[in-house]
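Comments concern the structure below.
Chains as they are written, first to last, in my numbering: chain U, 103 to 309; chain Z, -17 to 269.
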């Protein structure tokens, strides 16, 4: 039973502020299915969920009530139980040795920590198909690089703060890199353009 | 077919935008001045989903390889090569016509519609060029040839009295601003400054964000905000206190606190801001 705080976001949206990642996933799931009349989009992020609505169909007051009900009913322990997506990873990242040094463990131990959990896509952002995966081992929760790399290769697997993730394509980036995967994570020509969508379970395995 | 002779500073294909993919990190994109884009389509009798050309700061020239009906809206530019020069009118032009847009007299972004719409392969349901992610048709370059599509709804409208949005008037009235989710991250004085002060549009503004400069907006609390979902129109304030209004191609999440939000629709919202040139000084009105 998360207690969400409703924050104003202009004339066509409200922002729900929550206190934990699991609440974000639960509230996002609760508001996303079934489709609710007047809700245009439900967009999760780290601790907040944006609800865009059409004021011609639903009033702000009615929307607020609907959101509050959905937030109260959201069950953090019920998570979408799809089969996990398994991503083979070559643990050869530019920062792997430095991460192991920071953690004070061997490279093998770091890989074991990264491949152990089932992650969940909490939200996507930064670039199309870039998923923020929650469930990262506390020991691997490290700050971003002081100075972002001008170009991170596509498929790079990294960690930053509480999240791990994969760069779907080459871009600048400040995440610490553990390795890379050959999987194509975003292709606008596919019927499912993004491999990793909010709520998806993810596992990394050594390639 | 249309042959682009000169694209000017920046010209892109735009439609109503890419809805429904925000939760996989895909931005909304779409015409920066939606009202002007819609009007251009209506004038040539297009369906509302048709794409137009969004032309930044004029300077575009094109040659019609076939007879075509076109219309220009948005920032008013001197138009040459079309005989009876007319803005906000459907113009039926013979094959071989070269159309040139000069520099806009007022405003920044012009829209050129062609009857049938600009043909392009839709990407995730939209023909809009997203200048941040690169999704959609490529930015226009000299020598590029575009086709007209088949997205026709009715006859062209030849009525000079059709409602004309006036970007200059909207900008002089001031833009509407509504409280944002992180207003409480700022001092009370910051909101008064935002809504009472003058803001200069910086030259680094683009479709991703409109960067404003003025007296720095002061925060009442420090610290970091975990990434939050964003919307075009959100006014983000980085630590330097200089606001950035997110544009149609903005990323879908961001970490700077949002002090206020400019409405996407309506005459005093983002459409008007899309017409503010670098150096323009604008004001906000709280609602």
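All residues carry an ideal CB built from backbone N, CA and C; glycine is no exception.
- Contact between the region 253 to 261 of chain Z and the region 78 to 95 of chain Z is established, with three or more Cβ pairs separated by less than 8 Å.
- Under the three-state reduction of DSSP, residue 275 (chain U) is assigned to strand.
- Contact between the region 280 to 288 of chain U and the region -11 to 1 of chain Z is absent: fewer than 3 CB-CB pairs across the two stretches fall below 8 Å.
- Under DSSP, residue 181 (chain Z) takes part in a beta bridge, and its partners are Z:264.
- Excluding residues up to 5 positions away in sequence, 106 lie with their Cβ nearer than 6 Å to the Cβ of residue 3 (chain Z) in the same chain.
- Inter-residue distance for residue 121 (chain U) and residue 22 (chain Z) is about 46 Å (C-alpha atoms, whole angstroms).
- Counting only runs of 4+ residues, no alpha helix (DSSP H) is found wholly inside the region 171 to 241 of chain Z.
- Proximity of chain Z to residue 112 (chain U) at the Cβ level (cut-off 7 Å) is accounted for by 160, 213, 215, 243, 245, in chain order.
- Only 225, 226, 227, 228, 229, 230, 231, 232, 233, 234 from the region 212 to 234 of chain U bring a Cβ to less than 9 Å from some Cβ of chain Z.
- Contact residues of the region 186 to 213 of chain Z toward chain U are 207, 208, 209, 210, 211, 212, 213 (C-beta to C-beta distance below 9 Å).
- Three or more pairs of CB atoms, one per stretch, sit closer than 8 Å, so the region 213 to 231 of chain U contacts the region 123 to 134 of chain U.
- Counting only runs of 3+ residues, the beta strand (DSSP E) found wholly inside the region 181 to 240 of chain U occupies 187 to 191, 221 to 226, 233 to 236, in chain order.
- Across the structure, residue 192 (chain U) and residue 304 (chain U) are spaced so that their CA atoms are roughly 16 Å apart.
- Beta-bridge annotation (DSSP): residue 28 (chain Z) is paired with Z:134.
- Of all alpha-carbon atoms in Z:269, Z:-8, Z:241, the one lying nearest the alpha-carbon of residue 165 (chain Z) is that of Z:241.
- For the C-beta of residue 163 (chain Z), the chain U residues within less than 7 Å are, from N- to C-terminus, 109, 110, 111, 117.
- Neighbours of residue 299 (chain U) across chain Z, judged by C-beta separation under 9 Å: 5, 6.
- Chain order gives the chain Z residues near residue 143 (chain U) as 1, 2, 4, 5, where near means a beta carbon separation below 8 Å.
- At a beta-carbon threshold of 7 Å, the residues of chain Z lying near residue 290 (chain U) are 105, 106, 117, ordered along the chain.
- Taking a beta-carbon distance threshold of 8 Å, residue 149 (chain U) counts as an interface residue toward chain Z.
- The beta-carbon separation of residue 232 (chain U) and residue 270 (chain U), rounded to 6 Å, stays under the 8 Å limit for a contact.
- For residue 146 (chain U), the C-beta contacts it makes with chain Z under 8 Å involve 5, 211, in order along the chain.
- The DSSP-derived three-state label of residue 249 (chain U) is coil.
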